[in-house]
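A.B. asks: Chains as they are written, first to last, in the numbering used here: chain A, 1 to 274; chain B, 275 to 548; chain C, 549 to 822; chain D, 823 to 1096; chain E, 1097 to 1370; chain F, 1371 to 1644.
Number of protein chains: 6
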Amino acid sequence: MIDTTRSLTQEPLLLADLSSPETRDLLPRIDLVLVPVGAHEQHGPNIAVSTDTISADALCRAAAGLVGPAVAVAPAIPWGVSWHHLRFAGTISLRQSTLIAVLEDIVGSLYAHGMRRFLVVNGHGGNNAAITTAIEQIKQDTGVPLIASVFGYALIAEQAKRLLPTEAIGHGGGDEAALVMAVEPHRAKPSAFTAPQPTGRQVETAALLRAYGGSLARRYDEVTHNGATGDATSATPEVGQQILDGASRRLAEIIEVMLREADAAEETHQAGSD
Amino acid sequence: MIDTTRSLTQEPLLLADLSSPETRDLLPRIDLVLVPVGAHEQHGPNIAVSTDTISADALCRAAAGLVGPAVAVAPAIPWGVSWHHLRFAGTISLRQSTLIAVLEDIVGSLYAHGMRRFLVVNGHGGNNAAITTAIEQIKQDTGVPLIASVFGYALIAEQAKRLLPTEAIGHGGGDEAALVMAVEPHRAKPSAFTAPQPTGRQVETAALLRAYGGSLARRYDEVTHNGATGDATSATPEVGQQILDGASRRLAEIIEVMLREADAAEETHQAGSD
Amino acid sequence: MIDTTRSLTQEPLLLADLSSPETRDLLPRIDLVLVPVGAHEQHGPNIAVSTDTISADALCRAAAGLVGPAVAVAPAIPWGVSWHHLRFAGTISLRQSTLIAVLEDIVGSLYAHGMRRFLVVNGHGGNNAAITTAIEQIKQDTGVPLIASVFGYALIAEQAKRLLPTEAIGHGGGDEAALVMAVEPHRAKPSAFTAPQPTGRQVETAALLRAYGGSLARRYDEVTHNGATGDATSATPEVGQQILDGASRRLAEIIEVMLREADAAEETHQAGSD
Amino acid sequence: MIDTTRSLTQEPLLLADLSSPETRDLLPRIDLVLVPVGAHEQHGPNIAVSTDTISADALCRAAAGLVGPAVAVAPAIPWGVSWHHLRFAGTISLRQSTLIAVLEDIVGSLYAHGMRRFLVVNGHGGNNAAITTAIEQIKQDTGVPLIASVFGYALIAEQAKRLLPTEAIGHGGGDEAALVMAVEPHRAKPSAFTAPQPTGRQVETAALLRAYGGSLARRYDEVTHNGATGDATSATPEVGQQILDGASRRLAEIIEVMLREADAAEETHQAGSD
Amino acid sequence: MIDTTRSLTQEPLLLADLSSPETRDLLPRIDLVLVPVGAHEQHGPNIAVSTDTISADALCRAAAGLVGPAVAVAPAIPWGVSWHHLRFAGTISLRQSTLIAVLEDIVGSLYAHGMRRFLVVNGHGGNNAAITTAIEQIKQDTGVPLIASVFGYALIAEQAKRLLPTEAIGHGGGDEAALVMAVEPHRAKPSAFTAPQPTGRQVETAALLRAYGGSLARRYDEVTHNGATGDATSATPEVGQQILDGASRRLAEIIEVMLREADAAEETHQAGSD
Amino acid sequence: MIDTTRSLTQEPLLLADLSSPETRDLLPRIDLVLVPVGAHEQHGPNIAVSTDTISADALCRAAAGLVGPAVAVAPAIPWGVSWHHLRFAGTISLRQSTLIAVLEDIVGSLYAHGMRRFLVVNGHGGNNAAITTAIEQIKQDTGVPLIASVFGYALIAEQAKRLLPTEAIGHGGGDEAALVMAVEPHRAKPSAFTAPQPTGRQVETAALLRAYGGSLARRYDEVTHNGATGDATSATPEVGQQILDGASRRLAEIIEVMLREADAAEETHQAGSD
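1. If the cut-off is 7 Å on Cβ atoms, which residues from the segment 485 to 518 of chain B count as contacting chain A, listed in chain order?
2. Got a sec: is the Cβ-Cβ distance from F1521 (chain F) to anything in chain A below 7 Å?
3. Output the boundary residues of the alpha helix (DSSP H) element that contains N676 (chain C).
4. Using a Cβ-Cβ distance cut-off of 7 Å, determine whether K1235 (chain E) contacts chain D.
5. Please return the same chain residues whose Cβ sits closer than 7 Å to the Cβ of R1431 (chain F), not counting the five positions on each side in sequence.
6. Since R939 (chain D) is in the beta strand (DSSP E), which residue starts that stretch and which ends it?
7. Would you report the Cα separation of W1453 (chain F) and T1512 (chain F), rounded to the nearest angstrom?
8. Which residues in chain D sit within 9 Å of G1140 (chain E), going by Cβ to Cβ distance?
9. For A1440 (chain F), which residues in the same chain have their Cβ closer than 8 Å to its Cβ, ignoring the five residues on either side in sequence?
10. Kindly list the residues whose CB is nearer than 7 Å to the CB of P45 (chain A), restricted to its own chain and excluding five residues on each side of it in sequence; keep chain order.
11. Under a Cβ-count criterion, where at least 16 other Cβ atoms within 10 Å of its own Cβ denotes burial, should H359 (chain B) be classed as buried or exposed?
12. DSSP three-state call for G80 (chain A): helix, strand or coil?
13. DSSP three-state label for P237 (chain A), please.
14. Quick one: does E1272 (chain E) have its CB under 7 Å from some CB of chain F?
15. How far does the beta strand (DSSP E) with V424 (chain B) in it reach, from first residue to last?
16. Interface residues of chain C around I304 (chain B) at Cβ under 9 Å?
17. Which residues of the segment 1539 to 1568 of chain F have a Cβ closer than 8 Å to any Cβ of chain A? Give them in chain order.
18. In the DSSP assignment, find the beta strand (DSSP E) that holds P617 (chain C) and state where it starts and stops.
19. Are the C-beta of A264 (chain A) and some C-beta of chain G separated by less than 7 Å?
20. Leaving out five residues on either side along the sequence, give the residues of the same chain with a beta carbon under 6 Å from the beta carbon of I969 (chain D).
21. Examine chain C for any beta-carbon lying closer than 7 Å to the beta-carbon of R846 (chain D), and answer yes or no.
22. Return helix, strand or coil for S1389 (chain F), following the three-state DSSP convention.
23. With DSSP run on the structure shown, which of helix, strand or coil describes A1547 (chain F)?
24. Considering Cα atoms alone, identify which of E:D1153, E:L1123, E:R1120 and E:T1119 is closest to A1135 (chain E).
25. If you follow the alpha helix (DSSP H) that L932 (chain D) is in, where does it begin and where does it stop?
26. Should the segment 701 to 711 of chain C be called in touch with the segment 788 to 803 of chain C, which here means at least 3 C-beta pairs below 8 Å?
27. Quick check on P21 (chain A): buried or exposed, where buried means 16 or more other Cβ atoms within 10 Å of its Cβ?
28. Would A1050 (chain D) and H993 (chain D) qualify as a contact pair, given that the criterion is a beta-carbon distance under 7 Å?
29. At the level of alpha carbons, what is the spacing between V1145 (chain E) and S1189 (chain E)?
30. Return the bridge partner residues of L1130 (chain E) from the DSSP annotation.
31. Verify whether the separation of the beta carbon atoms of Q1024 (chain D) and E814 (chain C) is less than 7 Å.
32. Are the beta-carbon atoms belonging to S1056 (chain D) and G974 (chain D) less than 7 Å from one another?
33. Using a Cβ cut-off of 7 Å (strictly closer), state whether I276 (chain B) contacts chain A.
34. When the cut-off is 7 Å and only beta carbons count, does H113 (chain A) lie next to chain F?
35. Name the DSSP bridge partner or partners of P593 (chain C)?
36. Might you give, ordered along the chain, the residues of its own chain that have their beta carbon closer than 8 Å to the beta carbon of N1223 (chain E), omitting 5 neighbours on each side?
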């Protein structure tokens, strides 16, 4: 069990840092590859379009640093499915099919080298359906023993709810702004921090459908006038660091459970085939 | 507001019942089209492979009957994304891309005739990612004012939790078996009703990832030996009817909210463009 | 040889009625799967848009009932390729690629369970090219011993020509209307029964190309003003039942020939590899 | 009306002969483009793999020569859908999707230049489904006033039946061999002319399904041992020329009907929009 | 080593000339298949749209004649990727994906028959990216020992630079016009021979990007007013024949090197696996 | 004209640094977007798999810094088409279709915001065909005034040839190693620097085909045993910085030419439409 109270972490193992022979030699000791998926998408006036890439990548690096070199981090996918934000300047959106293809290619390549356990860490809600589709497709095609996803923002929001006022939580809100201030300060825009401007439209519909496992397809300009749904004014870098520390500890714990149960499942499987 | 206490409902408006001129004449009065999506997938020994199609279709018909002829029901899609069940005999699975294409074609055709509001009612969890992808794609391509999805099983489980023991709830369990007994009795197999045979593998991993908005890609034979995760032995047709009545009332309420808020959004939009 | 004079048939074996273990146990005895393909397409004022689905499904069920439980029926595909009818309200059209994908997925799934003989029974002429493409693709990809298609409407028209005046035969005409009256009476609209309103355009061209194995791509509003090419006014449910009985007997005879010759071909093949 | 008794024809107008400015200047006078589609597929020992390309191209050139320069000929597509012949050496097969794409690109390009009437002349039965799919797709996408197909071999067989014994008619048989002898003599192999070697398998099944508008998906080695179903021994170049003359006269007549009815349809259409 | 000084060549081995049994018997002696890829694309007023098909095919036939029957020639692909010429009448353009699919199908079919070495001879620069993509995809999918491409026009231009003034070299210029005059004289238009009409736009940009391995995506009407960039007025059939002779000798030499090195690589490979 | 002698550059304008309103406000002043494309691919023992991403991104940033804020830099695409390196551990490869889709989505999104000039700066030769295909497709689909590509490694090699011995130039060689040492020192592995281990196979073939505009499809293990073709032992960070400075100055000059000629072309175009 990792000691999640320690504040100092190791340097994370980044695949991009390695030469090919180094990768080859480390392969037997890599138990899991984290694949961060971000977005290049408007977050209102408060923070840069790279926010979700920053948060997914930072979570992966911090968690990998906590768990140690059995967990490697792939290069972050720096855009996601953001068609609903395209009316706000600067947003780059992949089609769902493109993101699925990118994930298939990344995981398929690493699988070809012998890696067998993958966790996609997703920084942007709009990517969820494409990621689920991709990992199911990869599982079906390759039979890979472990492929899974986690929504990194859920980890972040869990921490933020304890540290920030309720109205801070949301797209482009204080939770995300604080994290950006801590990790890439020049991509936060504190002089522009402001409250969200929700349109108030279809609020109950969206909540009901979400509560019953569904969703309402909406462009974001139907949701908010300034592109944000959270209030960034309470964000500070200190809170951002606390959010990141807490969320990455939680992610490290999840990883520990994943690896332990995956080991057990493989033992069962091997015993069953004796 | 509909009176959701009444027990008798009207006959639902089914698109398949209409001739072309009848459809043309009714078009101005159709406020919403429900599109049921099912599955043709093993549900253990307890119930037929058509269970999820039965439940999605029954929910749509009952809710449409409650709300009245402003809500029409499209023919049910009788299969879904069930690759993870293919090792159990009888399962038919669409690829995700196929289900997405089918939904695009159905909604695209109806949109061409002038219909503008759509709710996909999904009977099978494995379809969720494809349905989300499809409705977002349709929204992006057509700008349709309202397209959304709801997970019908979430409506059913909500009712079942009040009427059946906890262990009855689950795939192929008492909740689904009861509903099939009520709607298509010859597709329930009471003489085979039995308890589930979970493998116990990766239980905590799956729960953690789900709690944080992610998922674990698994074949169902990695989850349960007999294909079920719920205990069907407590199912009765009476409970099934109660589940269907309660769930369809809830769905009718959600539809009322959707239509009311959609009307309001369109008024706002028109006012805004004056 | 089946006794095609008997008027009473058994209940057909429907895949949708079975649980997974029931399917598994029946698999060794299922010699052929019928896959009905319909349409959701305007048929003029006379009959509902579901006409071709009704006829394909009814033919399959009746023929399967005649031949017995060695022939199973898959769930009907409730839409087809109907782009040429989209200017008439109510029509839902799949792209050709979608219908091909659906057929690949259905047959591919059943093939994975060990089924080896398939007959697609098509209720709608517009589906023919996509179905031919699909079954050739499936043959090429899987090497399945028997995959074939038959145009159900050709079986129906053969009977109708003996029972109805010539002008009754055609799209939305008395042949189809009679069958709908017999099978799903509420989907026939006798009060609207009327004669067709052909445009008279390109009649000779279409006939010549058809005679020489080709076709003329036309929207149906280029062919007929009211969407029908047959006269429905002579339709009665009694004639409809006679059409269905005769056509399903003929289909049962075809199935007998298919199975007998397929058995012989497999014996030859096995003898050849000794 | 063309004088179909004349034996001398003009040089056909070939698009490949023209420079771009020549094409531009001729465009207003081109009423129809013929698109020959062939195959590169085994025809038994009797004739070259290019047989169907030769026949489709020869038919188009001869018919265009008869009708005159209002009819242009596109370059022949020198392969087709021949997956079922791939076990015989030399066969090149396009996937159905490839042939559809090629046709879409050819017709789409010519449509962009203002051409509005197209007839695909198909030399190979295995192409029929893909060609039908393609022309329907093109009609749907562009609304092109006239797009159609004809099966050239049906025109050839009609003539051959009057000139050759019944057993000569068939794949790689005397009808095709005679035509090749007349048009490209070095691609006929008279020293190898022989009778077909049918397997005798599934003969009744195939005939029945064909009679009822369906088909049986088969590899050609399931049909014939030496790749032919017709007897080439009676073929002569003189008969080949007679076949070609008769078939191209018939094609010219069909083209005349097409153009006359298309003119009438456009007049009706214009009158209707006045 | 072939004697490239001889002026008379053998008849080239064309796959289209062979029957299936002839192909089967020759297969062990075919060391290489040449696949000519052309275009159907405007070349200004000087020459026909089929110019690039003519040149690719002529090069392949001549080189195959020089090397002898170990080198076979596949039917030429008579169109290419010419979207940038579509504003000039007569151009037919394949999408890149279509050309890739055609190449995959041709080579895939021949590979299935046992052929193992392929050289795509490309007559049109616009095809280069699609051809490179296709041959890499084929290599990756099949592991075929030798698949490569050469730009036939580079071979032609090398010769032309020695025989014609500099301004003659270019699209639709004297180099191509001379070759067409030699090979298919009726497709050259000497009465229309003229100088090019370059727009002068982005000349330095295009040259710089090309010098550094890149490219500028341009429609050809942005490059030249009359569709040509070379001056055709100096073209003669004699020069055309000299160009063809020289270029095909050079191609034959390249083929010799390819085959010799491929033999050596296979020996090394076999030695390595002993 | 920029002063390419100055050694200090401005901070480059990175799209990822901007919030949405900042992007909106800067849009009118952004004349060009650079899109760096890299690879995640083995480079022998000498340098990390991220080498090509490092070099493409560094070139773009340095050149953008030289030209000033009229040139913005998009996030680097951190992988490319590297199927031929997949037998060396660590390589991640996109399919060509995936890279094309990613480029279409990135440029398509930015085009939707009003950006109109794009230069793809490619760090990896294996990407060239896909990038050419993508920019031509984008040009065809959108008519974007300026879209082009440049091969960054050609810029680097030009400098390196003046600063390093000939044998240093090549894949994973001293040129690339020096640049990585200068930009991301921890991704160079000087203790492992070594000479390449070429196989010597098909050297003349590859050179000849390249000289004539073609290519030879090869896996990289057919080319070199240790994954490198250049000798890294002469690399130093100082040389790397000189290479980067020289190459980015050259890139800045090219950009200046592009923008100047694009301005001129637009003026001509506007004058033409007056």
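We treat Cβ as the ideally placed atom computed from N, Cα and C, and that holds for glycine.
C.D. replies: On the basis of the supplied data:
1. Y486, G487, G488, S489, L490 and A491
2. no
3. N676 to T690
4. no
5. P1382 and V1443
6. R939 to N944
7. 30 Å
8. S841, S842 and P843
9. R1399, I1400, D1401, L1402 and L1629
10. K189, A192, T194 and N226
11. buried
12. strand
13. helix
14. no
15. L420 to F425
16. The contacting residues do not exist; I304 (chain B) stays about 11 Å from chain C at best.
17. H1556, R1557, K1559 and A1562
18. Careful: P617 (chain C) lies outside any beta strand (DSSP E) and carries neither H nor E.
19. Here the protein chains are A, B, C, D, E and F, and chain G is not one of them.
20. F940, I957, I960 and K961
21. no
22. coil
23. helix
24. E:D1153
25. Q918 to A934
26. yes
27. buried
28. yes
29. 11 Å
30. E:V1169 and E:L1215
31. no
32. no
33. Note that I276 (chain B) scores a pLDDT of 43, beneath 50, so its modelled location is shaky; the value from the coordinates is reported in the next line. So, not an interface residue.
34. yes
35. C:H591
36. V1133, A1135, G1176, V1177 and L1195
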